[in-house]
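In the numbering used here, the protein residues as written are 161 to 298. Ideal Cβ positions, reconstructed from N, Cα and C, are used throughout, including at glycine. What you are looking at is a predicted structure, and each value in this text was computed from that prediction instead of being measured.
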């Protein structure tokens, strides 16, 4: 499928995920489809890595459901976020030499994304957080 120009209008998708490790694969494959259909195939590899790390943290380190959010803001910003029900801040990313294989997720996000962050959420009595990152399409 030939790559098309990115959409000039903003869009957003939200995928609700159960507390199940298979959700990481489902979210990665869904993200690939979304980006391909919107003409952003050049971002797929890095975006998949980022989403995998964010969703994996949300599923592995909390006891409840999670969600993947993907938002395109023209002229060229892709925001990927993972929501989870734990309001505690994520562990700060460590340097690669300071951690074992497990625990490198946010260090990868910091290294590969243009910017990343997190913020607490509260809606209708439910608490949690959103950990997000952004990629510039240019």
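Inter-residue Cα distance where the pair is residue i and residue j
i	j	result
residue 242	residue 252	16 Å
residue 179	residue 219	6 Å
residue 237	residue 296	5 Å
residue 244	residue 279	11 Å
residue 264	residue 174	25 Å
residue 195	residue 248	30 Å
residue 204	residue 231	14 Å
residue 183	residue 215	8 Å
residue 283	residue 289	11 Å
residue 287	residue 298	35 Å
residue 193	residue 285	33 Å
residue 275	residue 240	11 Å
residue 266	residue 292	10 Å
residue 181	residue 206	20 Å
residue 191	residue 168	19 Å
residue 217	residue 198	26 Å
residue 277	residue 235	21 Å
residue 201	residue 229	18 Å
Nearest-angstrom Cβ-Cβ length linking residue i and residue j, presumed shorter than 8 Å
i	j	result
residue 177	residue 227	6 Å
residue 273	residue 294	6 Å
residue 208	residue 188	5 Å
Classification of residue i by the beta-carbon crowding that lies within 10 angstroms, buried from 16 upward
i	result
residue 269	buried
residue 250	buried
residue 213	buried
Below-8 Å beta-carbon distance, residue i vs any chain C residue
i	result
residue 207	Judged by its chain identifiers, the structure shown contains no chain C, having just a single protein chain.
Secondary structure, alpha helix (DSSP H): runs of 4+ residues fully inside the region 211-249
none
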